[in-house]
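First the structure, in the form of structure tokens, and then the observations on it.
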Amino acid sequence: MKSLLFALVCLALGFNAGAQVEPMSVDGRATANWAYTLKGIESSFSNQAGLSELSGFAANIYAEQTHLLPEFSNVGLAIGLSTGANSGISANFSRYGIEEFRQSRIGLGYGMKLSRELSVGVQIDWYQTSITNYGQNSQLSFRIGGMYSIFTNLTAGIHISNPLGIEIADNHPIPSQFNFDLDWRVSSQLTVGAGLVKDVDYDAGIKVGLRYQIHPNFRIMFGAITEPARFTFGINLDLQNFSIQSAGSYHQRLGISPSAGLSYEAKQ
């Protein structure tokens with residue numbers, strides 16, 4: 405029964421039940437994956453070029469209950485450390501699926517600044533899929549990304565995952581995805597942006613997002629994406645070195661997927 409539910413959800417969202425699901429921080433989930441200009445520890449799950457902004461030890465953890473189905477788990481953990489004034493490293497782990505069909509990923513990432521305007525990043529990924537009665541399959545892949553400050557208040561982020569199109573097994577693809585995001589800081593309180601996402605097997609999607617700093621310690625976020633179509637929202641509460649995030653993603657046929665996260669960053 406769980407396997408049937410999982411397959412139906414995958415079909416409704418428009419992806420292969422054998423394909424890996426990409427992790428994402430709660431801040432990214434709150435803005436419909438408009439996340440490829442994020443900096444700091446959250447970039448471990450999106451664009452590793454942002455690791456160049458780490459200023460000490462940092463950690464991020466998230467959990468999502470996919471479409472309010474208790475059988476589904478979607479969790480992730482990232483830890484990071486600055487390796488100098490212009491570079492940082494991270495390790496992350498994520499897991500998605502049900503008991504009969506489980507997907508896991510471990511990533512080791514590095515980001516560095518090449519100049520004041522340009523940062524680049526790379527991550528080596530180890531994927532594993534476990535299917536009851538069929539065993540396990542594992543595979544290595546990688547991803548690359550960059551960020552460029554076009555103007556003081558306008559940043560572009562570009563990211564490619566699995567650029568070689570590696571499969572974890574026959575007809576079980578690892579995501580080969582291209583993301584391009586623009587981040588416009590309208591004021592000290594408001595940031596808006598848009599982006600393009602293209603998976604090699606699916607139609608391109610357009611995403612838009614907004615972050616509004618209501619209070620120095622409190623931020624609200626909204627987003628929308630066309631492929632698969634959904635609306636998102638969330639909040640972020642800063643408490644000195646900690647921040648608490650909560651988000652929701654709404655799909656017209658499958659309903660809401662709530663998520664929550666916690667971040668820690670020790671400033672140097």
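Residue 453 in my numbering is what sits at position 49 of the sequence shown, and the numbering runs on without skipping anything. Where is the CB? At the ideal position from N, CA and C, for every residue including glycine.
How many angstroms separate the CA atom of residue i from the CA atom of residue j?
i, j, result
"isoleucine 577", "leucine 458", "Note that residue 577 is proline in the sequence shown, not isoleucine. Approximately 32 Å between the Cα atoms of the pair."
"leucine 544", "glycine 513", "14 Å"
"leucine 382", "isoleucine 548", "Given that the chain is displayed from residue 405 to residue 672, the structure contains no residue 382 and the question cannot be resolved."
"serine 447", "leucine 522", "15 Å"
"lysine 406", "glycine 561", "Reliability of the predicted coordinates at lysine 406 is poor, the pLDDT of 49 falling under 50, and the value obtained from them is presented with this limitation in mind. Lysine 406 and glycine 561: Cα-Cα distance of roughly 38 Å."
"leucine 442", "threonine 595", "12 Å"
"leucine 568", "tyrosine 531", "15 Å"
"tyrosine 651", "leucine 558", "For the record, residue 651 in the displayed sequence is alanine; it is not tyrosine. Between alanine 651 and leucine 558, the C-alpha separation is close to 25 Å."
"isoleucine 660", "histidine 471", "5 Å"
"phenylalanine 622", "serine 519", "31 Å"
"alanine 462", "asparagine 451", "16 Å"
"glutamine 644", "valine 590", "25 Å"
"threonine 533", "serine 667", "27 Å"
"alanine 573", "isoleucine 445", "31 Å"
Given a threshold of 16 other Cβ atoms within 10 Å of its Cβ, counted over all protein chains shown, does residue i qualify as buried or as exposed?
i, result
"serine 542", "exposed"
"alanine 670", "exposed"
"phenylalanine 646", "exposed"
"glycine 539", "exposed"
"proline 474", "exposed"
"glycine 484", "buried"
"glutamine 507", "buried"
Enumerate in chain order the residues of its own chain whose CB-to-CB distance from residue i is below 6 Å, with the five nearest sequence positions on each side excluded.
i, result
"alanine 628", "Ala436, Val612, Phe635"
"threonine 536", "Glu504"
"glutamate 571", "Pro577"
"serine 565", "Arg547, Pro579, Gln581"
"alanine 453", "Gly515, Ser523, Val524, Gly525, Gly549, Gly550, Met551"
"alanine 423", "Unreliable positioning characterises alanine 423 in this predicted model, as indicated by a pLDDT of 49, which lies under 50. A coordinate reading is not provided."
"methionine 625", "Ala434, Thr435, Arg615, Gly638"
"threonine 487", "Ile493"
"asparagine 583", "Tyr440, His563, Val601"
"tryptophan 358", "Since the displayed the chain opens at 405 and closes at 672, residue 358 lies outside it and no answer follows."
"arginine 499", "Val479, Ser508"
Sort the options by Cα distance to residue i and report the nearest one.
i, options, result
"threonine 630", "Ala608, Arg615, Phe637", "Ala608"
"isoleucine 618", "Leu544, Ile610, Ala598, Ile639", "Ile639"
"tyrosine 654", "Arg433, Val425, Pro427", "Arg433"
"glutamate 426", "Ile445, Gly511, Phe461", "Gly511"
"phenylalanine 555", "Tyr668, Asp587, Gly444", "Asp587"
"glutamine 527", "Val479, Asp574, Phe449", "Phe449"
"glutamate 468", "Ala462, Pro662, Ser667", "Pro662"
"serine 477", "Gly460, Phe461, Gly501", "Gly501"
Which residues in the same chain have their Cβ closer than 8 Å to the Cβ of residue i, if we skip the five residues on either side of it in sequence?
i, result
"glycine 418", "Low local confidence applies: a pLDDT of 46 at glycine 418 is under 50, so the model's placement there is unreliable, with the coordinate-based value given in what follows. Result list for glycine 418: Tyr606, Glu631, Pro632, in chain order."
"glutamine 593", "Tyr616, Gln617, Ile618"
"proline 620", "Asp642"
"asparagine 724", "Shown here, the chain extends from 405 to 672; a query on residue 724 therefore has no answer."
Starting from residue i, trace the beta strand (DSSP E) in both directions and tell me its first and last residue.
i, result
"alanine 431", "Reading off the sequence shown, one finds aspartate at residue 431, where the question assumed alanine. It is not in any beta strand (DSSP E) - aspartate 431 instead sits in the alpha helix (DSSP H) that spans 430 to 434."
"arginine 634", "633 to 643"
"lysine 517", "505 to 517"
"valine 596", "594 to 603"
"glutamine 532", "522 to 535"
"tryptophan 588", "581 to 589"
"phenylalanine 555", "539 to 555"
"glutamine 617", "609 to 619"
Suppose the cutoff is 7 Å on Cβ atoms and the five residues either side in sequence are ignored; what does the same chain contact list for residue i look like?
i, result
"leucine 408", "Low per-residue confidence applies at leucine 408: pLDDT is 46, beneath 50, and the placement is therefore not dependable, though the value from the model is reported in the following sentence. The answer is none, since no qualifying residue turns up."
"glycine 665", "Ser429, Val430, Asn464, Ile465, Tyr466, Gln649"
"leucine 481", "Ile465, Asn496, Phe497"
Quick check: is any heavy atom of the ligand SAH less than 7 Å from the C-beta of residue i?
i, result
"aspartate 605", "As far as ligands go, the structure on display features none, and thus does not contain the ligand SAH."
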